[in-house]
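Under this note's numbering, the residue at position 187 of the sequence shown is numbered 839, and the numbers go up by one with no gaps.
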Amino acid sequence: MMHTIILTSADHCYANALLGLLIRGRVFEGQRVLVMEQYGLMPGKTKLEGLVRYLGVSGVAYVCWQIAKQNLFVFMRFLRAIQGKQRSVYYPYWKLPGATLKRMICPRLSSPEAIAFIKKQKPDLILSLFSKDVIPKEIFSLPSRGCVNLHPAPLPLYRGISPTFWILARGEITAGVTLHMVDKGLDTGAIIAQRLFSTKGFTDEHALYMQATRYGARLVEDFVKGALNGKRPRLTPNPAQGSYFRLPTREAVRDFFARGARFFAWRDFFYQ
């Protein structure tokens, strides 16, 4: 039985949608799965420190929209659970039929506690699915079938933070999602699979991120099924040339709105 550890973010709209898609697709059937959920806005910082950092770099407008989206997701997750609407992307993934997995709060991945715990688990595979934290070598070198990350961007472009925001803020015509091996760099590991798609018709970052999530679920599914069958992925080098982005800046947020983009539409939550 393959032992898989999933590193992800707690109360994360797109992580919930992604895990829901994978569970509905029975991707983890017959496996021993542990989901380690990370809390907080930024690794190694308290919520207050993370909030102050975002306010200082990204500005009040960006932070207010993100808080609104976060709270709306948590509310809709609660509502869909009460309604029993299991097909909704907001339905809590751990309540889905077939979700035979364990969940736990994940300490900082670079901490001796986290490293010792994961070593003790002896995972065959580690999946980083919208995890906030950088995975140290002591962890990513452990699993025999690899440690892989799903990044919602067309690598080697848009490495780093908030790629879907930056793609819209810069008026790109192509978006994408990439499954890649984890190495010591940030989003620099060899590429396992990638799906590119047009940004035409996307003015809503939430919708763009959801589309990347749906395509990403297929990439993860194919990879996991291959790993179960002992198949080694065909790796493509991740070119050193590319682009890397940090937190959205105030100027970038102004550009984002100037292009007619928005973070989400209310209907995105109430009709899914």
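Beta carbons are placed, not taken as given, at the ideal position from N, Cα and C, and that holds for glycine.
- prompt: Between the region 766-784 and the region 713-731, are three or more C-beta pairs nearer than 8 Å?
  reply: In short, these stretches do not touch, since the Cβ pair count stays below three.
Check whether A904 and A821 have beta carbons under 8 Å apart: Closer than 8 Å, so yes.
query: Can you name, in chain order, every residue of its own chain whose Cβ lies under 7 Å from the Cβ of R755, other than the five neighbours on each side?
result: Closer than 7 Å at the Cβ level, and outside the excluded window around R755, lie V687, E689 and W746.
field: G878 to L779 span [Cα, whole Å]
entry: Rounded to whole angstroms, G878 to L779 spans 14 Å at the Cα level.
task: Using the Cα positions of Y923 and L731, report the straight-line distance between them to the nearest angstrom.
output: Cα to Cα, Y923 sits roughly 12 Å from L731.
message: I need the boundaries of the beta strand (DSSP E) containing M688, first residue and last residue.
response: Its beta strand (DSSP E) spans residues R684 to Q690.
field: Sequence-distant residues of its chain with Cβ nearer than 6 Å to T855 (five each side left out)
entry: Excluding sequence neighbours, T855 sits near G912 and A913.
Residues bridged to H803 (per DSSP): For H803, which the question treats as bridged, DSSP gives the partners T830.
- prompt: Is the beta carbon of R729 less than 8 Å from the beta carbon of Y742?
  reply: Yes, the pair counts as a contact, with Cβ atoms nearer than the cut-off.
- prompt: For D835, which three-state DSSP category applies?
  reply: If DSSP states are grouped into helix, strand and coil, D835 belongs with coil.
query: What are the boundary residues of the alpha helix (DSSP H) that includes M694?
result: Where M694 is concerned, there is no enclosing alpha helix (DSSP H), because DSSP gives it neither an H nor an E.
- request: Round the Cβ separation of V834 and G868 to the nearest angstrom and send it over; I've been treating them as touching at under 8 Å.
  value: Cβ-Cβ separation between V834 and G868: approximately 15 Å, too far for a contact (criterion under 8 Å).
- request: Could you round the C-beta distance between L748 and R676 to whole angstroms and report it? I think they count as a contact, below 8 Å.
  value: Contact holds; Cβ gap of about 7 Å.
query: Between H664, A917, Q893 and P764, which lies nearest to A859 when the distance is taken from Cα to Cα?
result: Comparing Cα positions, the closest option is A917.
- request: Grab me the residues of R739's own chain with a C-beta within less than 7 Å of its C-beta, minus the 5 sequence neighbours each way, in chain order.
  value: Apart from the 5 residues on each side of it in sequence, R739 has no Cβ closer than 7 Å to any other Cβ in its chain.
task: Taking only runs that begin and end inside the region 711-793, name each unbroken alpha helix (DSSP H) of 4 or more residues, in chain order.
output: Within the region 711-793, the complete alpha helix (DSSP H) runs of at least 4 residues fall at 712-735, 764-773 and 789-792.
- prompt: Do L887 and I844 come within 8 Å of each other at the CB atom, strictly closer than that value?
  reply: A contact, by the Cβ cut-off of 8 Å.
query: Do D776 and P788 come within 8 Å of each other at the CB atom, strictly closer than that value?
result: Cβ distance not < 8 Å, so P788 and D776 don't count as in contact.
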